[in-house]
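Same order as they appear, the protein sequences are chains A and B.
For the first sequence, position 46 (counting from the first letter as 1) is numbered 46 according to the working numbering, and the numbering increases by one without interruption.
For the second sequence, position 230 (counting from the first letter as 1) is numbered 1230 according to the working numbering, and the numbering increases by one without interruption.
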Amino acid sequence: MRKGFIFSHNKCVNCGACSAACILENGWSIQPRMIFTYNSEELPSLPLTNLSLACNHCETPVCLNGCPTASYYREPFTGAVIIDEKKCIGCKYCQWNCPYDAPKFNADKRIIGKCNLCYSGLIEGRLPACTTACPTGALEYGELSEPILENIPSWFPDKNLNPAIVLKGKQNNDPLRIIPENVFESEVPILNAKERGMSGEWSLFAFSFLTTLSVATIISSFINGIFPEKILFVSIIILAGIISLFHLGKRLRAWRALANVKSSPLSREIALFIIYSVVSFFAVFFQLPGFFIASSIVGLILLIVIDSVYIYADKRKSVIMHSGQTFLSALLIVSFFTGIVLPFIFIALIKLAASAYSLSVNKINNINFVIRFVRIALLLVTGVSLVSEISYPDPVISSIFLTGELIDRIIFYIDFAPVNINTEIIKQINIERNEKKRG
Amino acid sequence: MEEFVTACPRNCYSSCSFRVQVENNKIRRILPYSGNLATPEGPCIKGLSSIERTHSPERIIYPLIKTVQGSFQQITINEALDIISYKLNSVREKYGPKSILWYKGSGMSGLTNEIGYSFWRAFGGTTITYGNLCWPAGLEAVRLTLGSVKHNVPWDLKNAKTIIIWGKNPAETNIQEIAFIAGAKENGSKIIVIDPLRTPTADKADILFSPKSGTDAALALAIAWVLIKDDLIDLNFIEKHVKGFNEFRQSLLISPDEAEKITGIPAGNIIELAYIIGKEGPVTILPGYGLQRHLNGGQTIRSILSLSVLTGNIGKPGSGFNYANLQSYIYDNIKEPLSYYPDPEKDLPFRRTISMAKLGRDMFNTNDPELKAAWIERGNPLLQSPDTNSVKKAFSGLEFKVVVEQFMTDTAAIADIILPAKDMFEQSDILGSYWSPYVQFKPKVIQSPGDVMPESEIYFHLAKRLNLNIGTNLIPEPGNENIEEWLDNRIKGYSELNLDDLKEGPVLAPGLQQIAFEDLKFETPSGKIELCSSEAQSIWGVSPLPDYTPHDPGTGDELYPLVFVTPNTGSRIHSQFGNLKIIKETVQEPAVGISPGDAAKRNIYSGHKIRVFNQTGEIISVARISNRIPAGLVVLPNGIWYNEGGGGNYLITGRETDMGYGAAFHDNTVEVERVD
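Here is the structure:
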């Protein structure tokens, strides 16, 4: 029978012993096991539940499948999903993919570390240190006799990964009864899910935007026969490649990112980027029509794969159909560069519709709203000028247009939010609070 | 890899048994030992962190002497002992032995701690403290009422239909009890927490009653009022086993309406609670120690205990008043709390002129002879005693101070000589527990690092140097085999106990009553449970009956409107463990907790640097807004080092509880302001 963690929330008081035992046993400088608390703000109107979580060693390990360097492997005797620290390049793609916050970035080593199920001890018959250490018996390791995902709270992320964990005991959906009723105040500011935003991802943004521009340029050249400036073109590709390295914890190991083309979209993206760079270099430098066709096709595939890297982690419709996806942007840029008005209007309308959709599903604060407003305005100005036949290469309109696309890509990174236990908890708390207010 | 069964010697309810794995003189692993039915899942995060503590690079492992410049310099143990014996001798000759204060804390429990008494007795005596910082008001309250301090075994909680956790926070201070509470709840028991704070324990309860701090006696007496008025009492039990019921009944003046004004708990809910206690038995009450760290602490415990008495919840499975269970303290000639203030005649050659609660002031006021030197072991009075400013001043006025310590605590820092203290794995010992019913053996499993020497050996060598004539039956020769022989002799009187059995694992205390008072025999003057105790009046000058005295939160209420409490926290035993890396990494960093409303009034947000102050002192710390704290209360866990934003005792006036010579830590008020 399958084995895994068994957790009884009714016995967990967030003492930290599991977390400490994990570190003491393995000598981590990260904290692979953490206790997540639903309602850590202790709002009196909501129930409070603790959940000790490390890696659930899922049947479908998205960390492993998505890892571009094939650093992850499944240990055959224990079923543990383990990361080989020597192979990891610190790209943090697994952190996007794992909804349980299991991969932790080790800021000192600049690579990912995570729970290894204390597998060497487990092989010798010793249970994982966290489970042995739990002083109340809330966290155990053993056969998962019950249906794995029954009794789960609504904030427990479910991405159909079949995690090896059972949550025991009835969920407490009622808040603690407190007498006198209003002795604890609950007026705390509305919580916001931590937005990914641009801060951590500027290099990915720059890489993907420059690549989009490059592919659009190649296709436009193919269509209108105007060849791009050689040095500028090549510099943009090289710049994109170099900038993408800034995202990595271990840049010297970057070549390892090609190790998992088989299952990792990220690995495929990097492989295709290299192929595209080479083919388009030949096209631009030697102006060979065959290479223009080839690089246009490879380029478009590359953009689809870039988009799939994000969709793999965040499968929401609002991301899949996001206006700032690179493929869609490239098509719009091509129709702008080539001055073909009808397709431009068509794609622009799709983008506007997508923007409207993402506005409706994402929580928008003020700054965010302004950015979106500016983006739509810039697109409309571009469209109007195109129709009134002031078009490329008018530098003012070009800048207006490209700035709009750049902002669109930024908005993509703001909206991109893979399912994660931290954000799920906050989302659910806000939902319940609003229900309570209305009720 | 070798494995031993051992036990945690910290000042904690649980006294966990655990297995320890040792490799190359290093503690490798700490694992649970299921043979101890009270702690089958093993120790808490503090126990686990002993791995780091023992081998911490910050541990003091060589003697240190303070130089003229005020810094510390390493010396050898022989040099240190030479200097100490010379100094002790000259102070003794010049001012007499009682000019030395021998201060002992609760840092490590064990039978071997007795050895110090043998040394200092032979030395000619010293001045020592009376009372205790922790729990004596409650101990005395229970002793006055029931005759002895004991309760049912921890695993009997499963038989309780109602569990009332009154001012106790086992989630942080007795975490193994949570397993029993959660188990009982799963089987349908009702769990009620009474605490001004929404503690992590409250999160496991069905109902939390949050009365105003220090008003618990009023709440209890109002419940008693309802129990009697609505005939929810066990009259048969009272007639047979209780003395003073009529006097008690007549003394009850606090109606639920009256109590609502005092406690803030609506009268209807007080009646509801009374009906639960009266109807949904058996009821076990788990009182904590915080609620007796008030000026009215002893009477508060007597008031709450009266509820168990009135409803006959004594001496039966699933019932009881689990204040402390001293059944495993079989070796004490005088049991706590009486041992905190013994008959002065029998106490000779020691002199007890210094109250633990008023340490600094009493040190100043001690004359004939004045204090000139101090020896401090297992304690950190510069952080843990009330009124830190006075304590600091009192110690700094002394000529010579020896501190036996493991880390550079606030107290170690003022020493003239620091002797490196043993850790729990470095000497064999025998332990009792004040919650679980076991006698336990704690073996030596590793060699001490550096020049670390257990106190027993320090005293042995000093005795030699001072030419004190003490037999090895009193102070054994160095070497763990000699300590074990000493321990063996010490337990000879108990046929049920021997060292070999103890080495296998914990042993239930000889003569243990799993259900305390099941024989319904009470060692009180009347042989009955005494609701009315003439001793309470004759010894302590309080009413013979439990009563409620409004607590006096000190002077200057308007200037300092917030009540300041310093409870214990899950990651520390007083000032121990908080300095360890593993604790800092895994537990939320310490801060001053304040309610959202009080914080808003002062424009304070979580993370702000704040000044907490009153007429006694001030500290600089960090604020954390918490919905666990009601308006009017400020909470800073005790034991947080001054340099990490702690030091709550700077704000606490040294005052004694109404009985037992405890310290009324929780009757102080402060004001808080932002420091920008």
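Every residue gets a Cβ at the ideal spot worked out from N, C-alpha and C, and that includes glycine.
Note that the structure is a prediction, hence the values are computed from the model and not measured.
Q: Could you say which of B:N1638, B:T1616, B:P1637 lies nearest to B:G1654 if we only look at CA atoms?
A: Taking the second sequence and counting its residues from 1, the one referred to as residue 1654 of chain B is at position 654. Closest by alpha carbon: B:T1616.
Q | CA-to-CA distance, A:P68 to A:I447, given in whole angstroms | A | The structure shown does not extend to residue 447 of chain A, since chain A is modelled only from 1 through 439, so no value can be given for it.
Q: Check the Cβ-Cβ distances between A:K437 and every residue of chain B, and say whether any is below 8 Å.
A: Working through the first sequence from its first residue, we reach residue 437 of chain A at position 437. No, no contact with chain B.
Q) By Cβ distance, which residues of its chain are closer than 8 Å to A:L161, with the 5 residues on each side in sequence left out? A) In the first sequence, residue 161 of chain A corresponds to position 161, counting from 1. Contacts found: N56, C58, E59, T60, P61, V62, P99.
(Q) Here's the rule: buried if 16 or more other CB atoms are within 10 angstroms of the residue's CB, otherwise exposed. What is B:Q1588? (A) The sequence position of residue 1588 of chain B within the second sequence is 588, counting from 1. With fewer than 16 Cβ atoms within 10 Å of its Cβ, B:Q1588 is classed as exposed.
Q. Name the chain A residues whose beta carbon is nearer than 7 Å to that of B:A1259?
A. The residue given as residue 1259 of chain B occupies position 259 in the second sequence. Residues of chain A passing the Cβ test: none, with the nearest at roughly 12 Å.
**Q.** Beta-carbon proximity list for A:S203, same chain, < 7 Å, skipping 5 on both sides
**A.** The residue you call residue 203 of chain A lines up with position 203 of the first sequence. I243, S244, F246, H247, listed in sequence order.
Q: Within 10 angstroms of the Cβ of B:S1017, are there 16 or more other Cβ atoms? Answer buried if so, exposed if not.
A: The count along the second sequence starts at 1 and reaches residue 1017 of chain B at position 17. So B:S1017 counts as buried.
Q: Using a Cβ-Cβ cut-off of less than 8 Å, give me the residues of the stretch 165–187 of chain A that come near chain B, in sequence order.
A: G169, L176, R177, I178, I179, P180, V183, F184, E185, S186, E187
Q) For B:K1161, which three-state DSSP category applies? A) Within the second sequence, the letter at position 161 stands for residue 1161 of chain B. It is coil, neither helix nor strand.
Q: Kindly indicate which three-state DSSP category B:D1231 falls into: helix, strand or coil?
A: What you label residue 1231 of chain B is simply residue 231 of the second sequence in a count that begins at 1. Residue state, collapsed to three classes: coil.
Q | Straight-line Cα distance separating B:Y1130 from B:P1211 | A | Translated into the one-based positions of the second sequence, residue 1211 of chain B becomes position 211. Translated into the one-based positions of the second sequence, residue 1130 of chain B becomes position 130. Using only the alpha carbons, I get a separation of about 32 Å.
Q. Using a C-beta cutoff of 8 Å, does B:T1586 count as contacting chain A?
A. Position 586 of the second sequence, counted from the first residue, corresponds to residue 1586 of chain B. Answer yes: the Cβ-Cβ gap between B:T1586 and chain A drops below 8 Å somewhere.
Q) By the 10 Å Cβ neighbour count, where 16 or more other Cβ atoms means buried, how is A:V387 classified, buried or exposed? A) As a first step, residue 387 of chain A must be located in the first sequence, where it is residue number 387. So A:V387 counts as exposed.
**Q.** Cross-chain neighbours of A:Q31 in chain B, by beta carbon under 9 Å
**A.** Numbered from its first residue, the first sequence carries residue 31 of chain A at position 31. Under the 9 Å cutoff, chain B gives E1585, T1586.
**Q.** Contact list for the stretch 1036–1048 of chain B against chain A, Cβ threshold 7 Å
**A.** E1041, G1042, P1043, C1044, I1045, L1048
Q) Using a Cβ-Cβ distance under 8 Å, would A:A133 count as near chain B? A) Within the first sequence, the letter at position 133 stands for residue 133 of chain A. It does; some Cβ of chain B falls within 8 Å.
Q: Assign A:P265 to one of two classes, buried (16 or more other C-beta atoms within 10 Å of its C-beta) or exposed (fewer than that).
A: Translated into positions along the first sequence, residue 265 of chain A becomes position 265. With 16 or more Cβ atoms within 10 Å of its Cβ, A:P265 is classed as buried.
Q) For B:G1278, which of B:I1164, B:E1258, B:L1232, B:P1200 has the nearest alpha-carbon? A) The residue labelled residue 1278 of chain B in the question sits at position 278 within the second sequence. With distances taken between Cα atoms, B:G1278 lies closest to B:L1232.
Q.
Using C-beta distances below 8 Å, list every residue in its chain close to B:T1566, excluding the 5 sequence neighbours before and after it, in chain order.
A. Here residue 1566 of chain B refers to the residue found at position 566 of the second sequence. The residues are V1635, L1636, P1637, N1638, G1648, N1649, I1652, F1665, H1666.
(Q) Can you find the residues in the same chain that come closer than 7 Å, C-beta to C-beta, to A:C441, ignoring five residues on each side of it along the sequence? (A) Within the shown structure, residues of chain A are numbered from 1 to 439, placing residue 441 of chain A beyond reach of any answer.
Q: May I ask you to list, following chain order, the residues of the stretch 1169–1198 of chain B that have a beta carbon less than 8 Å from some beta carbon of chain A?
A: A1171, E1172, I1175, Q1176, I1178, A1179, A1182, K1185, E1186, R1198
Q | Exposed unless 16 or more other CB atoms sit within 10 angstroms - verdict on A:A107 | A | In the first sequence, residue 107 of chain A corresponds to position 107, counting from 1. Exposed is the call here.
Q.
Judging by CA-CA distance, which residue of B:Y1013, B:N1025, B:F1564 is the nearest neighbour of B:F1425?
A. As a working note, residue 1425 of chain B is residue 425 in the second sequence. Answer by Cα proximity: B:N1025.
(Q) Distance check for B:L1307 and B:F1248, CA to CA, integer angstroms please. (A) Numbered from its first residue, the second sequence carries residue 1248 of chain B at position 248. Numbered from its first residue, the second sequence carries residue 1307 of chain B at position 307. The straight-line gap from Cα to Cα measures roughly 12 Å.
Q: With a cut-off of 8 Å on the beta carbons, I'd call A:F344 and A:S355 a contact; round off their distance for me.
A: Walking along the first sequence from the start, residue 344 of chain A turns up at place 344. Walking along the first sequence from the start, residue 355 of chain A turns up at place 355. Cβ-Cβ separation between A:F344 and A:S355: approximately 16 Å, too far for a contact (criterion under 8 Å).
Q.
Does chain A have any CB closer than 8 Å to the CB of B:R1628?
A. The sequence position of residue 1628 of chain B within the second sequence is 628, counting from 1. Chain A, which has a Cβ nearer than 8 Å to the Cβ of B:R1628, makes this yes.
**Q.** Coil, strand or helix - A:W28 by DSSP
**A.** For this step, residue 28 of chain A is matched to residue 28 along the first sequence. Three-state DSSP puts A:W28 in coil, outside helix and strand.
Q: Would you check if the distance between the CB atom of A:L213 and the CB atom of A:I333 is smaller than 8 Å?
A: On the first sequence, residue 213 of chain A is found 213 positions in, with the first residue counted as 1. On the first sequence, residue 333 of chain A is found 333 positions in, with the first residue counted as 1. Against a cut-off of 8 Å, the Cβ pair of A:I333 and A:L213 comes out as a contact.
Q) Closest Cβ-Cβ distance between B:A1623 and chain A: below 8 Å? A) On the second sequence, position 623 is the one that residue 1623 of chain B refers to. No, its Cβ sits nowhere closer than 8 Å to a Cβ of chain A.
Q: Kindly indicate which three-state DSSP category B:Q1440 falls into: helix, strand or coil?
A: Stepping through the second sequence from its first residue, residue 1440 of chain B is reached at position 440. Of the three classes helix, strand and coil, the one that applies to B:Q1440 here is strand, per DSSP.
Q: Could you check if A:I190 is buried or exposed, using at least 16 other CB atoms within 10 Å of its CB as the buried criterion?
A: Stepping through the first sequence from its first residue, residue 190 of chain A is reached at position 190. In this prediction, A:I190 scores a pLDDT of 47, lower than 50, which makes its location untrustworthy; the coordinate-derived value is nonetheless stated afterwards. Looking at its Cβ environment, which holds fewer than 16 other Cβ atoms inside 10 Å, A:I190 is exposed.
Q) Of all the options B:K1204, B:I1491, B:N1467, which has the alpha carbon lying nearest to the alpha carbon of B:S1328? A) In the second sequence, the residue the question calls residue 1328 of chain B occupies position 328. Nearest option by C-alpha distance: B:I1491.
Q) Once you ignore the five residues that flank A:R456 on each side, which residues in its own chain have a CB closer than 7 Å to its CB? A) Residue 456 of chain A is absent from the model: chain A starts at 1 and stops at 439.
(Q) Please report whether the beta-carbon of A:I426 lies at a distance below 8 Å from any beta-carbon of chain B. (A) Position 426 of the first sequence, counted from the start, is the residue given in the question as residue 426 of chain A. Cβ-Cβ to chain B under 8 Å: no for A:I426.
**Q.** Counted within 10 angstroms of its Cβ, other Cβ atoms place B:G1541 as buried (16 or more) or exposed
**A.** Walking along the second sequence from the start, residue 1541 of chain B turns up at place 541. Counting Cβ neighbours within 10 Å, B:G1541 comes out exposed, since fewer than 16 surround it.
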